[in-house]
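> Residue numbers (full-length UniProt numbering): 1 to 158.
1) In terms of residue numbering, what span does the beta strand (DSSP E) encompassing residue 122 cover?
2) With three or more C-beta pairs closer than 8 Å as the rule, is the region 57 to 64 touching the region 97 to 104?
3) Check whether chain D comes within 7 Å of residue 27, counting only Cβ atoms and requiring the distance to be less than that.
4) Would you report the Cα separation of residue 139 and residue 123, rounded to the nearest angstrom?
5) Look at residue 78 and residue 52 and say whether their C-beta atoms are less than 7 Å apart.
6) What are the start and end residues of the beta strand (DSSP E) that includes residue 87?
7) Pairs of beta-carbons, one from the region 4 to 14 and one from the region 24 to 42, closer than 8 Å: are there three or more?
8) DSSP three-state call for residue 134: helix, strand or coil?
9) Give me the Cα-Cα distance between residue 85 and residue 110, rounded to the nearest whole angstrom.
10) State the DSSP-derived secondary structure class of residue 144, mapped to helix, strand or coil.
11) Within 10 angstroms of its Cβ, does residue 47 collect 16 or more other Cβ (buried), or is it exposed?
12) Which residues in the same chain as residue 136 place their Cβ atom closer than 6 Å to its Cβ, once the five residues preceding and following it in sequence are excluded?
13) By a C-beta neighbour count over all protein chains shown, 10 Å radius and 16 as the cutoff for buried, is residue 113 buried or exposed?
14) Just to confirm, are residue 108 and residue 83 a CB contact at a threshold of 7 Å?
15) Look at the Cβ atom of residue 88, then the Cβ atom of residue 105, and state whether they are nearer than 7 Å.
16) On the DSSP letters alone, give me the boundaries of the alpha helix (DSSP H) that residue 100 sits inside.
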């Protein structure tokens, strides 16, 4: 048996949804995160793919940070029409703490011509014998990524 949950966060950004998706729907986001989070992420390597479904990234964390080591994630959904991208950890990271699923979904929701919402959703499942580890599940890294993306998008607004 497993138990699970979902956490979400929304952030308004004063740019067109199409511009936000240019960042989130491609590998540009990984490069931006790698540049901006040098204190915790040593590198993000592209292992396979071009940013579409099936793309695998290897995230290597700075030794001594909370998530020391790292993990591999795979893009399981990239929907350019709905502006939705999902990635799941496939090796390492939370899987080592009894999580059987750790999936993040980014949705870019158009509100107005020059206003969109970056919605981050974390879905997770934990094996029952490791249920105490559900407290490790956190939306905070994705909140940080949304903030980094917002700052970048506002600076580079078309």
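Glycine is no exception: its CB is placed at the ideal position from the N, C-alpha and C atoms.
With the structure as the only source:
1) 115 to 127
2) The region 97 to 104 vs the region 57 to 64: no contact.
3) No chain D appears in this structure, which consists of one protein chain only.
4) 10 Å
5) yes
6) 84 to 92
7) These segments do not touch.
8) Three-state DSSP puts residue 134 in a helix.
9) 15 Å
10) helix
11) exposed
12) 97
13) exposed
14) The answer is yes: Cβ separation under 7 Å.
15) no
16) Taken as a continuous stretch (DSSP letters only), residue 100 belongs to no alpha helix (DSSP H), being part of the beta strand (DSSP E) at 99 to 112.
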